[in-house]
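One structure below.
There are 2 protein chains.
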Amino acid sequence: MTIAGHGNITACLVIFIGLFQPVMATDKPADTIEKASANRMEARIKALSQFGKNADGGVDRVAYSDADLQGRAYIISELKALGLSVRIDAAANIFARRAGSNLSAKPILFGSHIDSVPGGGNYDGPTGVIAAMEAIDLLNAADIQTSHPLELVVFSNEEGGLVGSLAMRGHLKMSALTVVNASGRSIGDGTNLIGGNISDVASAKVDTDKYEAFIELHIEQGGILDEEKLDIGVVEGIVGIGWWDVTVEGYANHGGTTAMNNRRDAMVSAAELTLAINRIALRTDGRQVATVGRIQAFPGAPNVIPGRVEMSIEIRDLKQAKIDQVYAAVEKAAAEIAARNKTSIRFKEIDVASEPAPTDPRMRKIIETATQALGYSYRIMPSGAGHDAQDMVHIAPTGMIFVPSVGGVSHSPNEFTTPQAMARGADVLMRAILAVDAGALEK
Amino acid sequence: MTIAGHGNITACLVIFIGLFQPVMATDKPADTIEKASANRMEARIKALSQFGKNADGGVDRVAYSDADLQGRAYIISELKALGLSVRIDAAANIFARRAGSNLSAKPILFGSHIDSVPGGGNYDGPTGVIAAMEAIDLLNAADIQTSHPLELVVFSNEEGGLVGSLAMRGHLKMSALTVVNASGRSIGDGTNLIGGNISDVASAKVDTDKYEAFIELHIEQGGILDEEKLDIGVVEGIVGIGWWDVTVEGYANHGGTTAMNNRRDAMVSAAELTLAINRIALRTDGRQVATVGRIQAFPGAPNVIPGRVEMSIEIRDLKQAKIDQVYAAVEKAAAEIAARNKTSIRFKEIDVASEPAPTDPRMRKIIETATQALGYSYRIMPSGAGHDAQDMVHIAPTGMIFVPSVGGVSHSPNEFTTPQAMARGADVLMRAILAVDAGALEK
């Protein structure tokens, strides 16, 4: 099916839905609302997946690419068809508003993103946007008007560094604007291309009293829910990230003539350090993770004992104190390894500006209560991956809902979340929105 | 000092030496021969080091470079000044012949190379050529004519793959001719440039009954003699080399969301394998060495658990059986590591065509006896590095003499062998030549 052909079908769907557009009405209890439609969500996922579709069954819908433009146009037309009023801020975030009955009430914000990594999948981001659309559909069908206005948000360029949410927080750096992503466009030019206005990007910043709350639904990007056969993850927060570039130095020497007991082999120290990092992260109580993702030996010839090894260490946890504790243990092990092997090990901290971002405890409770009311299984868990929610915690009381990703796969064409799992997530989102609307945060 | 200016000084030296050119005479006992002149050897090292001299005090005299051409021209003029008749074979090896008194006796061959690695030092190769020239000087000064003809050889392109000696063995591969080295020239073009004739390179092959013996003197390229404060190494043979490219495969996954106990981390397996290789080589009886010189993790991002690691393993020993034994132990450890970490480890053997090359036991004895007669300290030892001698063992009874390199440094501008150490080496070479000439191999 060509994209043009698909566009016609979408237009037909829009007309069809338009015929059943509900009239806005006063509050009704949550229990009168239908369950989310797995079929409708799956159809929207499939429709969106056409934009940037690749041969592997995933998408290349990197922010600012033609596919991103087309995907956003599709979503905007769907949002309008849902009766929402759409605006795009200077950072190219899409906001779609549904009016509330109380004119002085702050909007409740919810959403996610639709851009992908290169060679990405169909669920990382879109699941949250489509669940948010499903919530609007359910409210429309149930003829419910909330007290608070509702705003559905589609953040711009999440995968390229949380660009849209950083701008909302007022933390987008000027130096980021010239960074070019796989679309071939810079963040500055790309933002303008998709409807933003980079020269006025400061206007995208929102005050901390603007929104009543923010809720993001997202696939887990890990295998915990899938493995434990749980429906919902109530996210405690987004982990902080510590990143160090490590240089191990020994003495490069002839691999044939230098006796085994006369070597200062940087690679032996690097291997010991890699295992020490793994052991420390495994044996320390808690859910911290530590990864050596990058390593290279120099000069890098099979017949030369490495004189230098460059490697990375990344440590993540919900608490900065735990990151600091694991790092201190790694540093201590490194000193011992370096001395024993007559090598040196230097750590250089890389500023990734990613401190732990706990969600609001009241929002966790609201999501947990909604999940329980629906009879869905769940666990409270951290998010090991970064999300726009980590910026939003600085703007509004923030909650986050995970749905399982089969096999924990993400950033891959093989990403898959079942329609039923998505629908359960949308149910929880819907209930959480209504609970916030009913004043749960003020209790 | 410019090279042109230096050329004039060399010319003066040649004339000066020419005045004292001895008349060839009949045999005299070795004890009547003067000791080698450390000053003269040092002067020649310094003179040769002008060609390709670099800012670090070493040389860039890669085979086929202008510096190689100039260095060869200097050596040829010196060889002629010593009264030798010079020819260049089709593989661009330089042979300089001193007549013997017995017209039916086979020549005794000795020498080494003068080409360097990029960023090389002044001693790896030149020490052996200059020691050979010193031996001729001593014979000339002592008015000695040997029974056997003597041939001093300067092998072409040693550092680029033993090109000259492989051609003499008849083992230079056609596929090697197009290989381009740091000179920017191919082995084929470069050989022609420096006086060879690549279209007739088969003519460089020598019969196994052509030479009475071959002796190479070389710096150790390891730190054993220097550390043990020994004058001479009697080389048992050149070690064989086994080289494997290893692929470790796990499962690339998100470094933030994948729990520590749920990872299939290729880097953890690669680190364990690196340490297993080191441990096996250290703990196995003998002098084998094993090196992981090259390693890289993929995809190579700090926040992604490596799904694949590529690494090299090199094992060297004087005996093939020992290489096989160490490799078998490594393979067994790898199977255990792979299974424990739910990863796979594949080995691909790389053909480096470098089987162990033991020197001739009679030649070892001749060199050892010469060393003892001179009162120099020594040890019998393998060569961990490759040398032209490893090809020559297939052509003639071969012996090899090591002199200490300070700190074991080689392939570096910091290479240094003291003039006194070089002179002691030349003394041993001289005595060994005379012993072979006196029929020691026939005893």
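Sequences listed follow chains A and B, in order. Going left to right, the first sequence walks through residues 1 to 443 as the numbering used here numbers them. Going left to right, the second sequence walks through residues 444 to 886 as the numbering used here numbers them. The beta carbon of each residue, even a glycine, is placed where N, CA and C say it ideally should be.
Interface flag, residue i vs chain D, CB-CB below 8 Å
i                 : result
Gly500 of chain B : The chain inventory of the structure shown lacks chain D, comprising the protein chains A and B.
Residue i versus residue j: straight-line alpha-carbon distance, rounded
i                 : j                 : result
Lys478 of chain B : Gly307 of chain A : 40 Å
Glu504 of chain B : Met611 of chain B : Looking at the sequence shown, residue 504 of chain B is not Glu but Arg. Cα to Cα, Arg504 of chain B sits roughly 22 Å from Met611 of chain B.
Val246 of chain A : Tyr327 of chain A : 12 Å
Arg424 of chain A : Gly128 of chain A : 12 Å
Phe474 of chain A : Gly160 of chain A : Residue 474 of chain A is absent from the model: chain A starts at 1 and stops at 443.
Ile519 of chain B : Val597 of chain B : 10 Å
Glu601 of chain B : Ala506 of chain B : 8 Å
Val23 of chain A  : Gly121 of chain A : Reliability fails at Val23 of chain A, whose pLDDT of 34 lies under 50, so the model's placement of it is uncertain and the value that follows must be treated cautiously. Spanning the two alpha carbons is a distance of roughly 36 Å.
Ala141 of chain A : Asp388 of chain A : 29 Å
Ile723 of chain B : Leu166 of chain A : 52 Å
Arg287 of chain A : Phe95 of chain A  : 35 Å
Ala524 of chain B : Arg340 of chain A : 55 Å
Leu491 of chain B : Asp532 of chain B : 22 Å
Ala647 of chain B : Lys549 of chain B : 17 Å
Val623 of chain B : Met806 of chain B : 36 Å
Asn545 of chain B : Gly514 of chain B : 33 Å
Thr651 of chain B : His837 of chain B : 7 Å
Ile194 of chain A : Pro397 of chain A : 29 Å
Pro561 of chain B : Leu761 of chain B : 28 Å
Thr32 of chain A  : Gly164 of chain A : 35 Å
Lys322 of chain A : His556 of chain B : 60 Å
Met400 of chain A : Ala772 of chain B : 51 Å
Residue environment, residue i, which counts as buried when at least 16 other CB atoms sit within 10 Å
i                 : result
Asp499 of chain B : exposed
Gln763 of chain B : exposed
Ile144 of chain A : buried
Asn889 of chain B : What is shown of chain B runs 444 to 886, which leaves residue 889 of chain B out entirely.
Arg263 of chain A : buried
Phe790 of chain B : exposed
Arg530 of chain B : exposed
Thr26 of chain A  : Model confidence at Thr26 of chain A stands at a pLDDT of 40, short of 50, so the residue's coordinates are unreliable; what they give is reported in the following sentence. Per the 10 Å Cβ criterion, exposed.
Ser820 of chain B : exposed
Ala357 of chain A : buried
Pro382 of chain A : buried
Ser528 of chain B : exposed
Within chain B, partners of residue i - CB distance below 7 Å
i                 : result
Ala271 of chain A : Ala714, Thr717, Leu718
Ala221 of chain A : Per the sequence presented here, residue 221 of chain A reads as Gln, with Ala not at that position. Neighbours of Gln221 of chain A on chain B, chain order: His697, Thr700.
Val117 of chain A : Those do not exist, as Val117 of chain A stays about 11 Å from chain B at its closest Cβ, beyond 7 Å.
Chain-ordered neighbours of residue i on chain A, where CB pairs are closer than 8 Å
i                 : result
Val682 of chain B : Gly256
Proximal chain A residues relative to residue i, where beta-carbon distance stays under 9 Å
i                 : result
Pro749 of chain B : Thr291, Val292, Gly293, Arg294, Ile295
Arg730 of chain B : Ala259, Met260
N-terminal and C-terminal residue of the beta strand (DSSP E) that residue i is part of
i                 : result
Lys205 of chain A : Looking at the DSSP string, Lys205 of chain A is not in any beta strand (DSSP E), and its letter there is neither H nor E.
Ile738 of chain B : 738 to 741
Leu615 of chain B : Careful: Leu615 of chain B lies outside any beta strand (DSSP E) and carries neither H nor E.
Val428 of chain A : Element bounds for Val428 of chain A: not the beta strand (DSSP E) but the alpha helix (DSSP H), 419 to 437.
Ala290 of chain A : 289 to 291
Lys791 of chain B : 787 to 793
Val403 of chain A : 398 to 403
Glu757 of chain B : 751 to 760
Pro825 of chain B : 821 to 826
Asp632 of chain B : From DSSP, Asp632 of chain B is part of no beta strand (DSSP E) but of the alpha helix (DSSP H) over 630 to 636.
Arg540 of chain B : 537 to 541
Asp688 of chain B : 683 to 692
Leu150 of chain A : 150 to 155
Neighbouring residues, chain A, relative to residue i (Cβ below 7 Å)
i                 : result
Glu757 of chain B : Gly255, Pro302, Asn303
Ser853 of chain B : His254
Chain-ordered chain B contacts of residue i [CB-CB under 8 Å]
i                 : result
Ala385 of chain A : His697, Gly699, Thr700
Contacts of residue i in chain B (Cβ-Cβ under 9 Å)
i                 : result
Leu282 of chain A : Met703, Asn704
Asn278 of chain A : Met703, Arg706, Asp708, Met710, Val711, Ala714
Endpoints, the alpha helix (DSSP H) within which residue i is located
i                 : result
Thr570 of chain B : 569 to 585
Asp226 of chain A : 224 to 227
* Which residues, in order along the segment 593 to 619 of chain B, keep a beta-carbon less than 8 Å from a beta-carbon of chain A? -> Identification of residues in the segment 593 to 619 of chain B having a C-beta nearer than 8 Å to some C-beta of chain A yields an empty set.
* Asked: Using Cβ-Cβ distances below 9 Å, what residues of the segment 206 to 232 of chain A are close to chain B?
  -> Glu220, Gln221, Gly222, Gly223, Ile224, Glu227
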